[in-house]
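In order, the protein sequences belong to chains A and B.
Residue -8 is where the first sequence starts when you use the numbering used here, and the numbers rise one by one after that.
Residue 249 is where the second sequence starts when you use the numbering used here, and the numbers rise one by one after that.
For glycine and all other residues, C-beta sits at the position ideal for the given N, C-alpha and C.
Here's the structure, in structure tokens; my notes come after.
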Amino acid sequence: MSVRQARVTPFWSWLALIAGLYLAFLVALLFALAARASPRQVWETLGSREILYATGLSFTTCTLSSLLALLLAVPVGYLLSRGSFRGKAWLDAALDIPIVLPPMVVGLCLLVFFQTAAGRLIERAVPFTYAIGGVVLAQFVVGASFAVRTMRSVFDHLPSRPEEVAMTLGCSRGQAVWMVTLPAARRGMFAAFSIAWARGLGEFGPVLVFAGATRLKTEVLPTSVYIELTGGHLEAAVAVSLLMVALALAVLVAVRLVGEKL
Amino acid sequence: MIRLDSIAWRVGTFRLESISFTVPAGRYAVLMGRTGCGKTTLLEIICGLRTPRSGRVMIGERDVTHEPPAARGVGYVPQDGALFPTFTVREQIGFALRLRRRPAGEVAARVTLLADELGIAHLLDRRPQHLSGGECQRVALGRALAANPKVLLLDEPLSALDEELRDDLAALLKRVQREHNITALHITHSRAEAAALADVVFRLDEGRVCEVPVTSCEFDGSESLGTPQP
């Protein structure tokens, strides 16, 4: 029964009041942030060389880490959704580890791993610790968990029967997934990419611990907020935060608009 | 011909034991049984979508028990059609031929022929979300027939349709089966469907299959399904 159809009873009124209060709180937070910095201050901060670099790096690393997260999420989400194997529950739980761990601990895990023999060997090919590769990896580790969750849910909601029919028509399982299921999952793939992208944009703890906060090197937007705050430049921190709010809202709108068109 | 020899299958407490029956070549067989008795499972075993614990599946003179679904040469029409959600009707019907890398002209000609035969030529550029239940089933039938399968497996293809559409589609199924000289196995729990379509009727009950006379399914007035025109 929808609220519109129902008589306005105290029950529905209470629910509407709770939702309204929460929404008002969120809007108040954003307004407070927007009111704190002058347009001139925002313009000056966002036009500075450091923040322009951090913005560009955030865009590049988020896009790269989200693409990598999607490449992982599609097969693993499919495995969890359609596969039936021993240890599935353990794999399912393990994928949540980056979500439930404190962000700093994720960063510390990455830092310690790359001190091991295996980690040092990998770093000979691609440098990660205190490097841009580290920013991508830190964003990927957490974003991938969210992307896998999303893709699993997408495959759970897509019936397997068309895929099976494709197999009777001459496809292997892989061909059936590629030709029939993935095109049907394209909205979900876009959603998984967007969630990983938005999550990567806000990733701070693992990036700080693993990639550091070196200006014009590994500084992404959350790092900029941190650097400006610790330097006592509250207005600059607010300006960068406003940019991140705008980007987050843009992602939300894009998910809705593009999702409907796909 | 479709032949099952001593097929056994089990999941949890549900089991099928020593299922054996033969559908002679070129005949229209109906497999009946109550909902949940394992009819769909048997069809999936014939398709190759499920592997039996023991027994053999023969299609023609070939033992296909261990062959993948793609190699069995079956046409499969599931209950709801299970059309590919992003494909047009044209792409659905041409799918099996494109997989076999047939020339584009041959694919187009086959699609047109089947679409005309099934009365869906005006729907070729539509996607499944713009098709009615009866149209979906016709498209699913065309898709299954495109690569000239030796056998056609139909999983309650009429159950979701209203009365008039059911009669039309039943007549179409029988005509297509005759014209393509295909061996068909149609599962249903409707006696009226069996009476209207079957050359041979099997009943699956308590994990076993037995052949029953077609006359035992004849129309008793409880369901409507006219006698199709061959």
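Residue contact check for ARG178/A against chain B: no CB pair falls below 8 Å.
Three or more beta-carbon pairs separated by less than 8 Å are not found between the segment 439 to 450 of chain B and the segment 293 to 302 of chain B, which leaves the two stretches without contact.
Check the Cα spacing between THR436/B and each of THR288/B, SER266/B, ALA273/B: the tightest is with THR288/B. With respect to chain B, the C-beta atom of VAL171/A has a partner C-beta closer than 8 Å.
The segment 409 to 464 of chain B is shown to contain whole alpha helix (DSSP H) runs of 4 or more residues at 411 to 427, 439 to 445, in chain order. For ALA122/A, the three-state secondary structure derived from DSSP is coil. At a cut-off of 8 Å between beta-carbon atoms, MET142/A makes no contact with chain B. Taking the beta carbon of ALA175/A as reference, the chain B residues within 9 Å of it are PHE332, PRO333, THR334, listed in sequence order. Residue-level contact by beta carbon holds for CYS295/B and chain A, with a gap shorter than 8 Å.
Judged by DSSP secondary structure, ARG258/B falls within the beta strand (DSSP E) whose first and last residues are 250 to 259. Linking LEU6/A to LEU20/A through their CA atoms gives a straight-line distance of about 22 Å. Chain order gives no chain A residues near TYR276/B, where near means a beta carbon separation below 8 Å; the closest approach is about 19 Å. Chain-ordered, the chain A residues with CB closer than 7 Å to the CB of VAL322/B read THR159. Counted as a single uninterrupted DSSP element, the stretch harbouring THR289/B is not any beta strand (DSSP E) but the alpha helix (DSSP H) occupying residues 287 to 295. Close to ARG152/A, with beta-carbon spacing below 7 Å, are these residues of chain B in chain order: PRO326, ALA330.
Of all residues in the segment 307 to 318 of chain B, only PRO316, PRO317, ALA318 place a beta-carbon less than 8 Å from a beta-carbon of chain A. Annotation: the continuous alpha helix (DSSP H) that includes GLY342/B extends over 337 to 347. For ARG348/B, the closest Cβ of chain A is nearer than 8 Å.
Here LEU366/B really is in contact with LEU420/B; their C-beta atoms are around 7 Å apart, less than 8 Å. When the beta-carbon positions are compared, ARG152/A and ALA330/B come within less than 8 Å of each other. Contacts between ALA395/B and chain A, judged by CB atoms closer than 9 Å, involve LEU160, GLY161 in chain order. GLY286/B is the residue among ARG414/B, GLY286/B, ARG304/B, SER438/B whose C-alpha sits nearest the C-alpha of GLU454/B. Between VAL355/B and GLY203/A, the alpha-carbon positions lie close to 59 Å from each other. Rounded to the nearest whole angstrom, the C-alpha separation of SER163/A and PRO174/A is 16 Å. Under the Cβ criterion of 8 Å, ALA352/B is not counted among the residues facing chain A.
Just so you know, the alpha carbons of ALA182/A and ALA116/A end up roughly 32 Å apart.
In the DSSP annotation of this structure, the continuous segment of the alpha helix (DSSP H) that includes ARG391/B starts and ends at 381 to 393. Below 8 Å, too few C-beta pairs join the segment 239 to 249 of chain A and the segment 254 to 267 of chain B to call them touching: fewer than three. By the rule that beta-carbons nearer than 8 Å mark a contact, VAL156/A touches chain B.
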